[in-house]
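Below is one structure, written out as structure tokens; the observations come after it.
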Amino acid sequence: MGIIKKLPVYSEKIPGGGLVLTSLDAIFNYSRACSVWYLLFGTACCAIELMCTGAARYDFDRLGMIFRATPRQADVIIVAGTITKKFAPRLRRLYDQMAEPRYIIAMGGCTVNGGPFYYDCYSVEKGIDHIVPVDVYIPGCPPRPESLLEGCLHLQKKIKTQTISDWQEK
Amino acid sequence: MILATAELIGIFQWLHGFLVDLGLKEPWLSIVVYCLLSVTVFGVLCLIALFLVWWERKIAGHIQQRFGPMRNGWHGWYQTVMDALKLLQKEDIRVDTRDKAVFFWAPVICFVAAFMAYIVIPFGKGLIVADLNIGILYIIAITTFTVISLLMAGWGSHNKYALLGGMRSAAQVVSYEVPMVASILTVIIFSGSLSMVDISNSQQGNLIFNWFIFRPPFGIIAFITYIIAATAEANRTPFDIPEAEQELVAGFNIEYSGMKFAMFFLAEFVNMFTVSAIATTLFLGGWNGPLLPSWLWFLIKTLLVVLLLMVFRWTFPRLRVDQLMEFAWKFLVPVTFANLILAGWMKYAGWYW
Amino acid sequence: MTGDELKEYIVGHLEGKLKPLESGKHDPLFEVQESDLLTVAQVLRDDENLKFDFLSCISGVDTGERFEIVYSLASLANNLRIDLKVVLSREKPEVESVQEIWPAANWYEREIWELYGFDIKNHGNLTRFLLADDWDQGYPMRKDWDAPDFVRFPELER
Amino acid sequence: MSGLLTQEFTVNMGPHHPSTHGVCRLILTMDGEKVVKIEPVIGYLHRSMEKICENRTYAQCVPLMDRFEYVTAMSAEYVFVNAVEKLAEIEVPERAEYLRVIMLELNRIASHLIFYGATAMDIGALTPFIYGLRERELIIDLFEMTCGQRLTYNYMKIGGVSHDIPKEFIPKCREAVKIIGEKMSDYEGLLNENPIWLARTKNVGVLPTDLAKAYGVSGPVLRASGVKYDIRKNDPYSIYDRFDFNIPCRHNGDSYDRYLLRLDEIRESLKIIIQALDGLPEGDTLKKVNPFNFKPPAGEMYSRIENSRGEMGVYIISDGTTKPLRVKMRGSSYNHVQVLPKVATGVLIADLVATFATLDVIMPEVDR
Chain U
4 MGIIKKLPVY SEKIPGGGLV LTSLDAIFNY SRACSVWYLL FGTACCAIEL
54 MCTGAARYDF DRLGMIFRAT PRQADVIIVA GTITKKFAPR LRRLYDQMAE
104 PRYIIAMGGC TVNGGPFYYD CYSVEKGIDH IVPVDVYIPG CPPRPESLLE
154 GCLHLQKKIK TQTISDWQEK
Chain E
79 MILATAELIG IFQWLHGFLV DLGLKEPWLS IVVYCLLSVT VFGVLCLIAL
129 FLVWWERKIA GHIQQRFGPM RNGWHGWYQT VMDALKLLQK EDIRVDTRDK
179 AVFFWAPVIC FVAAFMAYIV IPFGKGLIVA DLNIGILYII AITTFTVISL
229 LMAGWGSHNK YALLGGMRSA AQVVSYEVPM VASILTVIIF SGSLSMVDIS
279 NSQQGNLIFN WFIFRPPFGI IAFITYIIAA TAEANRTPFD IPEAEQELVA
329 GFNIEYSGMK FAMFFLAEFV NMFTVSAIAT TLFLGGWNGP LLPSWLWFLI
379 KTLLVVLLLM VFRWTFPRLR VDQLMEFAWK FLVPVTFANL ILAGWMKYAG
429 WYW
Chain C
14 MTGDELKEYI VGHLEGKLKP LESGKHDPLF EVQESDLLTV AQVLRDDENL
64 KFDFLSCISG VDTGERFEIV YSLASLANNL RIDLKVVLSR EKPEVESVQE
114 IWPAANWYER EIWELYGFDI KNHGNLTRFL LADDWDQGYP MRKDWDAPDF
164 VRFPELER
Chain Z
1110 MSGLLTQEFT VNMGPHHPST HGVCRLILTM DGEKVVKIEP VIGYLHRSME
1160 KICENRTYAQ CVPLMDRFEY VTAMSAEYVF VNAVEKLAEI EVPERAEYLR
1210 VIMLELNRIA SHLIFYGATA MDIGALTPFI YGLRERELII DLFEMTCGQR
1260 LTYNYMKIGG VSHDIPKEFI PKCREAVKII GEKMSDYEGL LNENPIWLAR
1310 TKNVGVLPTD LAKAYGVSGP VLRASGVKYD IRKNDPYSIY DRFDFNIPCR
1360 HNGDSYDRYL LRLDEIRESL KIIIQALDGL PEGDTLKKVN PFNFKPPAGE
1410 MYSRIENSRG EMGVYIISDG TTKPLRVKMR GSSYNHVQVL PKVATGVLIA
1460 DLVATFATLD VIMPEVDR
């Protein structure tokens, strides 16, 4: 990644470098969008729907999404389920352990804003965007597998609009 | 000159002649030719590994009544190319507490060791990089490097799960090496040679019935024990305890990301192909077979063995570490050695050879 | 044994140590003095006709005026069920641990200690496990507990 | 090996770990592969539901109960609704009771199918997981056509059920029951006699009867340890006393027995569903109560039912207002996690995983 990160710096100095960069962007984005590996992560109700989405009827693998058990090899955390204040530092650590470029999908009401029930609750984090940057929000309690797939497609769309030079800022 | 022993297919003979015409002298001639050969083999193997990853996902999908990758090309055929490209772009995480040299070299050794075995594997009639007269011995020696790399990965990551994975892998591979070698020795008794080409040659003719697997009962026993040991050697389920996802999260490669992980990942599949290729050469007649070209026969047979390993993976639960050891030492080792001794005795008595 | 027979039997058997409460619906509910809890529990578990060897649940209760702790017991052998209630003082809520009799009480008591702040005597392992490690806002399950982001809804009347 | 100096080390398994079924954290002290000491740490999913319930009306508590035990959400709703109905002495229409039993049993099967898949996955077989979830989808379809949700149903209401079943439900349900009954042989064929599966589960995580009783272990785990106790039979709630079914019971108390027992329970549940479908009467499904002004009379009770994991209970105290004074939820997983150190100390880490999986722990029940 080191070389690729420096690519924009070098390529802009030579004539036609921008063109190279654009086509590289296209290829790289396409490859990243096509193989989004998700972390095996689930805390509460949404985890069951996440499992269902990985199973026979909905089949995450069609989109090239397979699960990895370790955050080092994952590209996206699908935060499935309530994040409590006790768990929040763990989520942050998981996110920090991931390799760039990394994404977060907030699945379910609890991760979007604390959920439909826990607004007067002393132990639930009201939305995970206090802890980690979120790319796609999927509301629902829990969201249907179709909505999760839709969210993943949106994430793919988002990835395809990125450029290599974006990475340096992160 | 070593080159003379290696029969190269047309293009390399042509290349050799071309280079000689250019006025290239030894030792540069050999170096250039071997480099080109290695690069070709390396490229082909990378493609094969990528194909195997895709194939595994498709097989897993179909066993589980789903589709597997569908979005990239016809039935997702370039899915794994995309995966590889993505892994290339991922950040290379280097844990602060790592053992620097060990952490760095582990995937390299794993990757290189996986590919080095292919120097002596005959992909077809004459399709071999170097026909060493100790070919199979060389393979046994070189594939064992994998275990060193896994142990290094476990140690270098400075992670307890990784260390457990590395230790498990060391214990496992060392144990299963014994029955594996014993079943290979049975074949060597049949063929009387350590050279992979000679072993293949001695299975020629008589349609398929000269294959060593069809030498009852020792051939078939040796084949089965070899396949079991080879599954363990390639760290596949039911012997995948070094990276048991549910126990050790990801085992030895827990701290590896990006391209370093990809090297482990590809090496795993190349290893799987290696053990299948050896099984093909030793037991299934190598490139021999009627009608089809030799390399196609080799590929078909090897892929069938790979298929077998994949179906294992998606069917069986995982063994526990002590049961794994017990199985190796209390069952496989006695069986393979008895098989070996009996086969040797039969050969000595000259009963059917 | 039906509910009434059971009630009679227990009251007769443990004279003066417990008294049945009317508020208990469905299953018999008894009130026990804190000082008698262990002896009563011992008898309930060991009596041949009762054998309450299964502790279903321990609930801490804050009614606003007083603290209570309720033991829900079941007998697997005789197929019976009762609840025991101990009333604790609001100033100094403390109760003897029943771990010796029902080992299952361990975590339930720990939880009550954590969420209600009742002192469990002779527990041995009163450490925080439900709330966050850096929790410093008191005992959240008490009725008078308050926190900046906590909203108590008014009584609905329609 | 006596002269060799070895050192114990601590491994933190969880809260994010593939085989801790959510967010349980086990601090393991290990001697090589051997687990010397286990210390469970819970609370990573503590959502303070009991406190929230005190701040809601009775009707508002019901959907919250879904989140208390989402794998068998129906029974979690039912146990609360049952308690409130008994406190307020509400008569539930006959049809509603039948529908409740059908839903409870369907949900029990769904939960056991998840157990089947998740346990197989923890022991390393990935395919049974998908097979289990495949048949679960049939049940989820039935729930979806009845109340529109896949996981958290809010179907039980105080006084009945929220929706009557559509007319396609009964044929679909019979078909699903038939399919699941047929697929049972597939499940058993995949694992029951698989030598690796036997080696991994037989005599692993043995839970003796005395220990099980003392630690309040209930449900299939208790029955696998040789205590034939099922609240559906021993303290019948709803209309369970009208159905003919067996309580499977096994005696070794190891992981294999727990696994087999749950498969047997699926069969029994299928029997109950067929009987309930046959006897389903016509009529109302809901006796309306005003959810805003529903005040059960003051009183307290502990209501318990048998869900797929064991005894699920709710202790409710009503003080005559619209909100409960106290709702204490009792999930059987709480006791199962508590007993884990007693069962699994001194085994290999792989056995710990197998034991934990067959105890069928689900974390929201523990943390609430």
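Chains as they are written, first to last, in the numbering used here: chain U, 4 to 173; chain E, 79 to 431; chain C, 14 to 171; chain Z, 1110 to 1477. Even for Gly, the Cβ is constructed at its ideal location relative to N, Cα and C.
Residue environment, residue i, which counts as buried when at least 16 other CB atoms sit within 10 Å
i: proline 1127 of chain Z; result: buried
i: valine 348 of chain E; result: buried
i: tyrosine 122 of chain U; result: exposed
i: leucine 1137 of chain Z; result: buried
i: lysine 338 of chain E; result: buried
i: glutamate 1277 of chain Z; result: exposed
i: leucine 1434 of chain Z; result: buried
i: threonine 1119 of chain Z; result: exposed
i: alanine 160 of chain C; result: exposed
i: valine 164 of chain C; result: exposed
i: alanine 318 of chain E; result: Residue identity differs from the one stated: residue 318 of chain E is aspartate in this sequence, not alanine. Per the 10 Å Cβ criterion, buried.
i: glutamine 281 of chain E; result: buried
i: lysine 1116 of chain Z; result: What sits at residue 1116 of chain Z in the sequence shown is glutamine, not lysine. Per the 10 Å Cβ criterion, exposed.
i: lysine 1287 of chain Z; result: exposed
i: proline 1172 of chain Z; result: buried
i: lysine 102 of chain C; result: Per the sequence presented here, residue 102 of chain C reads as serine, with lysine not at that position. So serine 102 of chain C ends up on the exposed side.
i: glycine 440 of chain E; result: One cannot answer for residue 440 of chain E here, as it falls past the ends of chain E, which runs 79 to 431.
i: proline 1237 of chain Z; result: buried
Cβ-Cβ separation, residue j to residue i (assumed contact under 8 Å), whole Å
i: leucine 158 of chain U; j: valine 39 of chain U; result: 7 Å
i: serine 88 of chain C; j: lysine 64 of chain C; result: 5 Å
i: alanine 54 of chain C; j: isoleucine 125 of chain C; result: Rounded, the Cβ-Cβ distance is 16 Å, inconsistent with contact.
i: arginine 75 of chain U; j: serine 227 of chain E; result: That belief does not hold up - the Cβ atoms of arginine 75 of chain U and serine 227 of chain E are roughly 18 Å apart, past 8 Å.
i: phenylalanine 142 of chain C; j: glycine 1325 of chain Z; result: Not confirmed; about 17 Å, so no contact.
i: glutamate 1196 of chain Z; j: methionine 1410 of chain Z; result: Before going further, note that residue 1196 of chain Z is leucine rather than glutamate in the sequence given. Yes, leucine 1196 of chain Z and methionine 1410 of chain Z are in contact; Cβ-Cβ is about 6 Å, under 8 Å.
i: serine 235 of chain E; j: glutamate 333 of chain E; result: 4 Å
Heavy atom of the ligand HEM within 7 Å of residue i beta-carbon
i: tyrosine 140 of chain U; result: Among the components of this structure there are no ligands whatsoever, and the ligand HEM is therefore not found.
Bridge partners - residue i, DSSP secondary structure assignment
i: proline 1433 of chain Z; result: Z:Ser1427
i: cysteine 1133 of chain Z; result: Bridge partners of cysteine 1133 of chain Z: none, in fact.
i: asparagine 1121 of chain Z; result: Z:Ile1136
i: glycine 1314 of chain Z; result: Answer by DSSP bridge pairing: none, since glycine 1314 of chain Z is not bridged.
i: arginine 71 of chain U; result: U:Leu42
i: leucine 1260 of chain Z; result: In DSSP, leucine 1260 of chain Z forms no bridge with anything.
i: tyrosine 1368 of chain Z; result: None, per the DSSP bridge assignment.
i: aspartate 132 of chain C; result: C:Glu107
i: lysine 103 of chain E; result: Paired residue(s): none; lysine 103 of chain E is not in a bridge.
Listed by chain order, chain U residues near residue i by CB distance under 7 Å
i: aspartate 318 of chain E; result: None at all; the shortest Cβ gap to chain U is about 13 Å.
i: proline 147 of chain E; result: Asp64, Arg65, Gly67
i: valine 164 of chain C; result: Asp123
i: leucine 1173 of chain Z; result: Phe120
Cross-chain neighbours of residue i in chain E, by beta carbon under 7 Å
i: phenylalanine 1224 of chain Z; result: The premise fails here: phenylalanine 1224 of chain Z is roughly 15 Å from chain E at the closest Cβ pair, so nothing lies under 7 Å.
Beta-carbon neighbours of residue i, restricted to chain C and to distances below 7 Å
i: arginine 1439 of chain Z; result: Ser69, Cys70
i: tyrosine 1443 of chain Z; result: Trp120
Contacts of residue i in chain Z (Cβ-Cβ under 8 Å)
i: phenylalanine 63 of chain U; result: Per Cβ cutoff of 8 Å: no residues; phenylalanine 63 of chain U is ~11 Å from chain Z at best.
i: isoleucine 51 of chain U; result: Tyr1179, Val1180, Ile1223, Leu1260
Chain Z contact residues for residue i, given Cβ-Cβ distances below 9 Å
i: threonine 76 of chain C; result: Ile1426, Asp1428, Leu1434, Arg1435
i: leucine 397 of chain E; result: Gly1233, Ile1305, Ala1308, Arg1309, Ala1459
Partner residues on chain E for residue i, Cβ-Cβ distance less than 8 Å
i: glutamate 103 of chain U; result: Lys168, Glu169
Proximal residues of chain U, C-beta to C-beta of residue i below 9 Å
i: leucine 144 of chain C; result: Lys88, Lys89, Tyr125, Ser126
Contact set between the region 117–134 of chain U and chain Z, restricted to residues whose Cβ is under 7 Å from the partner: Here the close residues are Phe120, Tyr121, Asp123, Cys124, Tyr125, Ser126, Val127.
In chain order, what residues of the region 1407–1421 of chain Z put their CB closer than 8 Å to some CB of chain C? Hits within the stretch, in order: Ala1407, Gly1408, Glu1409, Met1410, Tyr1411, Ser1412, Arg1413, Glu1420.
Tell me which residues of the region 223–241 of chain E have at least one Cβ-Cβ distance to chain U shorter than 9 Å, keeping chain order. Tyr239
Taking Cβ-Cβ distances below 9 Å as the criterion, which residues of the region 1148–1166 of chain Z are in contact with chain U? From the region 1148–1166 of chain Z, only Gly1152, Tyr1153, Leu1154, His1155, Arg1156, Ser1157, Met1158, Lys1160, Ile1161, Asn1164, Arg1165 have a Cβ closer than 9 Å to chain U.
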